[in-house]
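Just add 20 to the spot in the sequence shown (first one is 1) and you have this note's numbering. Note that beta-carbon positions come from the ideal geometry of N, C-alpha and C, so glycine has one too.
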Amino acid sequence: MAAAIVYGTPPHNLVDVPTGALQVSPILPGSMALESLAEASLDEAVVSAPPGTAERDYVLAQALRVLKPGGRLTAFAAKDKGGSRLKKSLEAFGCEVFEESRKHNRICTVERPETVAGLDAVLAKGAPQQMGQLWSQPGVFSWDRVDPGSALLLASLPPLKGRGADFGAGIGILALTVLASPDVKSLVLVDVDRRAVEAATRNVTDPRATILWADVRQAGLTDLDFVVMNPPFHDGGAEDRALGVAFIETAAKALRKGGSCWLTANRHLPYERPLAAAFSKVELRAEAGGYKIYEARK
Ligand SMILES: C[S@@+](CC[C@H](N)C(=O)[O-])C[C@H]1O[C@@H](n2cnc3c(N)ncnc32)[C@H](O)[C@@H]1O
21 MAAAIVYGTP
31 PHNLVDVPTG
41 ALQVSPILPG
51 SMALESLAEA
61 SLDEAVVSAP
71 PGTAERDYVL
81 AQALRVLKPG
91 GRLTAFAAKD
101 KGGSRLKKSL
111 EAFGCEVFEE
121 SRKHNRICTV
131 ERPETVAGLD
141 AVLAKGAPQQ
151 MGQLWSQPGV
161 FSWDRVDPGS
171 ALLLASLPPL
181 KGRGADFGAG
191 IGILALTVLA
201 SPDVKSLVLV
211 DVDRRAVEAA
221 TRNVTDPRAT
231 ILWADVRQAG
241 LTDLDFVVMN
251 PPFHDGGAED
261 RALGVAFIET
271 AAKALRKGGS
281 CWLTANRHLP
291 YERPLAAAFS
301 KVELRAEAGG
311 YKIYEARK
């Protein structure tokens, strides 16, 4: 069997994924890290290319790095999510590109050239790096600036107490503020993105913190005094309000009776109803710049 990898989950019938291909997406917990694979060791790679330019070029560069010369890379993306730029990116690495359009996607196939042009510079640009004091990486949520919704939550949070969790913790921005309260006994940071988890591990060194690479819906947390979160509203690139609602329901399950969930949300997201359904009391604590902060008590 050819040694192969797949990055992400290609839609059915769009591209062929080799049997036994190793999953290397950082947003699928338990996957192998692409960075850990040896240079020129694989025959085939299939990449569902991410939308951000630095992230996408980094993933393509990593895939070319691990392929043997002559190995085959198939990369695809929706036309309006970076697909129309794939060919140019691959040509910049010195690849000869065969491009097709199918089901609103561009699919590019290349053979890994003997020498990949500009590989090191692209790998460096997409690698973990410090933004001011904090470690981050292109591809991680709001990787190079504090999200305004998170900033409003940071400004609204009271000092918290007891055992808590940060759902979808990212690189640890909320966690660092939560841990400034000496009454916090423990804090579990959970994120589905390995790159965020690795950055958070560098950023949040407080011994009260535990950092998990997991889907929060499957993390099995219970009996908490508080949860903080800026819930995701995208799942694999597509807007998905159901994921935000699942975060709210999971927080309600994870809290003890009387425990509270502090949440920031874009004003256009309809979270009032799921909050009211899952909690006994919901209060709007702040509203500014298109964001709302709620405290929901179980
Ligand atoms: C809106 S961002 C907030 C990040 C960080 N808390 C902040 O305020 O900057 C949502 C985070 O949830 C993570 N996420 C998405 N789906 C998840 C899931 N099912 N389980 C855990 N984390 C998830 C994303 O990787 C992302 O880091």
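Query, Result
"Distance, Glu303 Cα to Ala144 Cα", "45 Å"
"Within the segment 251 to 292, ranges of the beta strand (DSSP E) (whole runs, at least 3 residues)", "275 to 286"
"Reduced DSSP category for Glu307 - H, G, I as helix; E, B as strand; rest coil", "strand"
"First and last residue of the uninterrupted beta strand (DSSP E) at Asp77", "Per DSSP, Asp77 belongs to no beta strand (DSSP E); it is in the alpha helix (DSSP H), 73 to 86."
"Bridge partner(s) assigned by DSSP for Pro158", "Val160"
"Gly184: first and last residue of the uninterrupted beta strand (DSSP E) it sits in", "182 to 187"
"Residue from Gly309, Gly72, Ala285 with nearest C-alpha to Glu315", "Ala285"
"Spatial distance of Leu244 from Leu275 (CA atoms)", "4 Å"
"Candidates Arg85, Glu134, Lys205, Asp77: closest to Ala58 by CA position", "Arg85"
"Enclosing beta strand (DSSP E) for Glu64 [first to last residue]", "62 to 68"
"Closer than 7 Å: Arg237 CB and nearest ligand 1 heavy atom", "yes"
"Gly20: CB within 7 Å of a non-hydrogen atom of ligand 1", "Here the chain comprises residues numbered 21 to 318, so residue 20 is not present and cannot be evaluated."
"beta-carbon Val212 near ligand 1 non-hydrogen atom, thresh 7 Å", "yes"
"Sub-8 Å separation of Glu131 and Gly90 beta-carbons", "yes"
"Residue span of the alpha helix (DSSP H) that contains Ile193, given as start and end", "193 to 198"
"The segment 154 to 171 contacting the segment 213 to 230, beta-carbon criterion three pairs below 8 Å", "yes"
"DSSP beta-bridge partners of Val26", "Gln43, Val66"
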